[in-house]
Amino acid sequence: MPKRLVDKLRSFIPGSGKKKPLVYQRREIPRDQHNVSRSMISEPAKKVLHRLNKSGYEAYLVGGGVRDLLLNGNPKDFDIATNATPEEVHDLFRNSRLIGRRFRIVHVVFGREVIEVTTFRGNASQVEDDSDDDDRKTSEHGLLLRDNVYGNQEEDALRRDFTVNALYYCIRDFTIVDFANGIEDLRNRQLRLIGDPETRYREDPVRMLRAIRFAAKLGFDIEPETEAPIQELAPLLTHIPAARLFDEVLKLFSAGHGEATYDLLTRYNLLAPLFPETVRAIEAGEPDELIRQALRNTDARIAQGKSVTPYFLFAAMLWPALQAEWRRRQDNGDPVQPALHSAIGRVIGQQVQATSIPKRFSGPMKEIWELQMRLPRRQGKRAFVTLSHPRFRAAYDFLLVREASGEIEPGLGTWWTDFQKLDERGQERMLSELSSDAPKKRRRRRKPPVKRPAQ
Ligand code: ATP
Ligand code: MG
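Numbering (full-length UniProt numbering), first residue to last: 1 to 455.
What follows is the structure in structure tokens.
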């Protein structure tokens with residue numbers, strides 16, 4: 001490659017001026033050297049690619065779609081990168097909408113499948129003598145505040161996070177275009193950030209979470225230089241808006257490898273910025289077995305094609321924090337029930353400073369927790385009232401997780417399992433058996449009044 005071109009390319013690479021210069025070269029992998037065939041790509045994605053090409057634009061499949069196809073996996077979705085502007089894409093597809101304000105992308109909608117089309121983006125701040133550019137700004141922490149400059153395909157590739165996420169599939173000649181040695185890293189099952197890792201994490205600390213997510217999901221190693229800065233930079237995640245972290249938490253734990261993800265997050269100090277009070281409680285001796293058990297169940301559900309609800313996940317992730325807070329309040333003399341209510345309020349109040357929890361999830365999460373106190377109380381009409389509660393099923397599942405984790409003695413869960421299966425007569429019988437062998441009510445232990453020193 002001519003030197004001038006190498007210099008130019010180097011200047012596009014985020015952080016490449018900082019340590020050793022990184023030079024990436026464009027490579028094309030022809031059809032007979034890779035496994036991606038057209039039949040693996042969804043019809044809607046093909047339609048969008050063909051129409052863009054026919055209209056004279058460049059268009060490629062990019063990102064996780066290409067990565068997963070090369071791994072013989074089933075891509076979650078197909079993203080497309082093009083040199084057409086969002087308005088041009090929008091004009092080509094009646095079934096499309098423009099999304100976003102500063103950096104616009106286009107969603108082309110085919111029933112339930114949405115194809116995301118983005119215009120090639122550049123990396124203007126890395127171009128040396130371009131200091132007055134104001135469309136790509138970083139904060140004092142190096143955080144990328146704006147990232148909205150159009151670019152060419154090379155620039156688009158090099159602003160992406162991992163080399164394996166910067167591969168393009170061209171439907172015109174069925175080649176894979178690789179700017180950052182992504183194919184080699186994919187073969188070696190390695191996650192490697194493009195450019196200088198520390199700079200890239202400072203630009204966007206969420207990339208640390210993405211490293212963990214892909215490592216757990218794909219079973220890839222994190223390449224040593226990409227891995228090295230994570231533990232130290234993990235606290236930078238506290239600068240990320242709570243709503244974005246909420247979305248990332250969901251992605252982390254709903255990819256089917258929740259327990260592995262949890263271990264990696266813990267190992268790299270990344271759990272603390274996401275669940276600060278949970279980590280504090282665990283460090284103070286609260287067990288995390290319930291979290292692990294819940295994540296194992298979640299992984300099994302996902303493997304069976306079932307869904308996971310965010311409120312169940314958060315109910316489990318925050319359980320150690322709630323337990324610690326609940327106990328602290330009881331130790332201070334609050335009765336059980338009010339202590340639980342105020343502990344719930346506090347735990348949620350603190351959590352939403354780290355990750356938001358939309359109301360539609362925090363409500364049901366509270367109900368799961370509150371029902372844990374009602375599930376043991378079954379006498380009279382109580383069992384029927386609890387059973388008809390809209391959140392009964394989730395609370396019952398949560399009870400089973402508590403039992404399986406060893407937090408409480410097994411027994412109550414089986415009782416509820418049986419109770420749900422019976423008709424009303426059977427249920428009445430279970431309840432009458434319950435009252436005949438119910439233990440005598442224990443006398444409430446009263447705390448001795450606190451002696452105050454004489455004034
Ligand atoms: P998934 O299978 O989870 O969808 P993905 O790699 O497609 O994985 P997306 O979040 O859909 O991930 O992002 C699409 C592509 O956009 C990525 O493959 C990557 O190239 C780029 N990208 C996404 N987030 C970032 C980021 N924070 N920094 C740099 N590039 C990113
Ligand atoms: Mg994707």
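Heads up, the beta-carbon is just placed ideally off N, CA and C, and yes, glycines get one too.
Q) Rounded to the nearest angstrom, how far is the Cβ of E198 from that of P229, given a contact under 8 Å? A) 5 Å
**Q.** Spatial distance of E58 from D161 (CA atoms)
**A.** 22 Å
**Q.** For I222, the nearest candidate out of V352, R267, L245 (CA to CA)
**A.** Considering only alpha carbons, the answer is R267.
Q: Hey, could you find the ends of the alpha helix (DSSP H) D263 is sitting in?
A: For D263, the enclosing alpha helix (DSSP H) starts and ends at 258-267.
Q. Is S432 helix, strand or coil by DSSP?
A. Three-state result, S432: helix.
Q. Considering T226, what are the terminal residues of the alpha helix (DSSP H) in which it resides?
A. 224-227
Q) Does at least one heavy atom of the ligand ATP sit under 8 Å from the Cβ of V62? A) yes
Q | First through last residue of the alpha helix (DSSP H) which encompasses T417 | A | 412-421
Q. When DSSP builds the beta bridges, which residues end up paired with S96?
A. V108
Q) So is the beta-carbon of V89 under 8 Å away from any non-hydrogen atom of the ligand ATP? A) The nearest non-hydrogen atom of the ligand ATP is 8 Å or more from the C-beta of V89.
Q | Proximity winner among S405, F314, R378, relative to P364 (alpha-carbon distances) | A | F314
Q: Drop a sphere of 10 angstroms on the beta-carbon of D196, count the other beta-carbons inside from all chains shown, and report buried for 16 or more, exposed for fewer.
A: buried
Q | D156: first and last residue of the uninterrupted alpha helix (DSSP H) it sits in | A | For D156, the uninterrupted alpha helix (DSSP H) run begins and ends at 153-158, by DSSP.
Q. Around the C-beta of R360, are 16 or more other C-beta atoms found within 10 angstroms, so that it is buried, or is it exposed?
A. With fewer than 16 Cβ atoms within 10 Å of its Cβ, R360 is classed as exposed.
Q. Where does Q190 fall in DSSP's three states?
A. Three-state result, Q190: strand.
Q: Apply the 10 Å Cβ neighbour rule to N95 and answer buried if 16 or more other Cβ atoms are within range, or exposed otherwise.
A: exposed
(Q) To the nearest angstrom, how far is the alpha carbon of Q330 from that of A343? (A) 10 Å
Q. Going by alpha carbons, who is nearest to L218 out of H107, T82, V164?
A. Among H107, T82, V164, the Cα nearest to that of L218 belongs to V164.
(Q) I want to check one thing, is the minimum distance from the CB of V206 to the heavy atoms of the ligand ATP below 8 Å? (A) yes
(Q) Considering just the uninterrupted stretch of the alpha helix (DSSP H) at Y396, what are its terminal residues? (A) Taken as a continuous stretch (DSSP letters only), the alpha helix (DSSP H) holding Y396 covers 392-404.
Q | Length of the line joining the Cα atoms of N53 and D79 | A | 15 Å
Q: Just tell me which of F174, E248, F214 has its CA closest to the CA of L193.
A: Nearest option by C-alpha distance: F214.
Q: Please go through the same chain and pick out, in chain order, the residues whose beta-carbon is closer than 6 Å to the beta-carbon of A321, but skip the five residues on each side of it.
A: Here the set comprises E277, T278, A281, V347.
Q: Give every residue of the same chain whose Cβ lies closer than 8 Å to the Cβ of L233, excluding the five residues on either side of it in the sequence, and list them in chain order.
A: E198, Y201, R202, P205, M208
Q. What residue range is occupied by the uninterrupted beta strand (DSSP E) comprising Y24?
A. Segment: none, Y24 is in no beta strand (DSSP E) and carries neither H nor E.
Q.
Could you give the first and the last residue of the continuous beta strand (DSSP E) run that contains E116?
A. 113-119
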